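Undergrad:
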Amino acid sequence: MLNARTVGAVCVALVMIAGTGRSLVMAQAAKKKAAPKAAGGPAPTAEEVASAEEIYKTKCAVCHTLEGNSPIPNMNFADGAWLHGSTVKDVVNTISNGIQGTAMMPFKTQFSEGEIAALARKVRSFDPKLK
Numbered sequence: 002m003l004n005a006r007t008v009g010a011v012c013v014a015l016v017m018i019a020g021t022g023r024s025l026v027m028a029q030a031a032k033k034k035a036a037p038k039a040a041g042g043p044a045p046t047a048e049e050v051a052s053a054e055e056i057y058k059t060k061c062a063v064c065h066t067l068e069g070n071s072p073i074p075n076m077n078f079a080d081g082a083w084l085h086g087s088t089v090k091d092v093v094n095t096i097s098n099g100i101q102g103t104a105m106m107p108f109k110t111q112f113s114e115g116e117i118a119a120l121a122r123k124v125r126s127f128d129p130k131l132k
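With this note's numbering, letter number 71 in the sequence shown gets 72, and the count goes up by one each step, no holes.
(1) Pick from F78, I56 and G69: whose alpha carbon is nearest that of Q111?
(2) Taking the continuous alpha helix (DSSP H) assigned at L131, which residues delimit it?
(3) Between which two residues does the alpha helix (DSSP H) containing K60 stretch?
(4) From the DSSP output, in three-state form, read off N98 for me.
(5) If I follow the unbroken alpha helix (DSSP H) through G115, where does it start and stop?
(6) Would you check if the distance between the CB atom of G86 and the CB atom of A79 is smaller than 8 Å?
(7) Would the beta-carbon of A119 fall within 8 Å of that of C64?
(8) CB-CB under 7 Å to N75, same chain, minus the five flanking residues each way: which ones, in chain order?
(9) Assuming P45 and E116 are in contact, meaning their beta carbons sit under 8 Å apart, how far apart are those beta carbons, in whole angstroms?
(10) May I have the straight-line CA-CA distance separating S113 from K58, to the nearest angstrom?
(11) Round the Cβ separation of F108 and I96 to the nearest angstrom and send it over; I've been treating them as touching at under 8 Å.
(12) Expressed to the nearest angstrom, what Euclidean distance is found between the alpha-carbon atoms of A82 and K123?
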């Protein structure tokens, strides 16, 4: 039987494996044309929103599921339990810097600020209380 620590380690390994390639190239290109900063990060462009959708599917859904309702405690976006804050700014910080001692690694070097802001808005959208 798998426990949360084993699943977390598997998630980290899969994210690291998936981390090479196209998404890194896309992130580098997007950094060059990042939108101006707004509260909670820059307002994402349409391209960054589309990129964030793809990033979520390939990187985040591995641990959080496509619907954001992971059965693993603390990885579920739909249950309303936001341990590290639920504002766009808080979620941007979590995505950017990761959570030490957990499977949540920092992504600030892999994605543009706009992509991270779009990801933050996407994961918040899974929580019916935040809509």
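Don't be surprised by glycine CBs; every beta carbon is placed ideally from N, CA and C.
No experiment lies behind these values; they were computed from the predicted model shown.
TA: Answer, in terms of the structure:
(1) I56
(2) Where L131 is concerned, there is no enclosing alpha helix (DSSP H), given that its DSSP letter is neither H nor E.
(3) Neither: K60 is in no alpha helix (DSSP H) and is coded neither H nor E.
(4) helix
(5) E114 to S126
(6) no
(7) no
(8) L84
(9) 7 Å
(10) 17 Å
(11) 5 Å
(12) 16 Å
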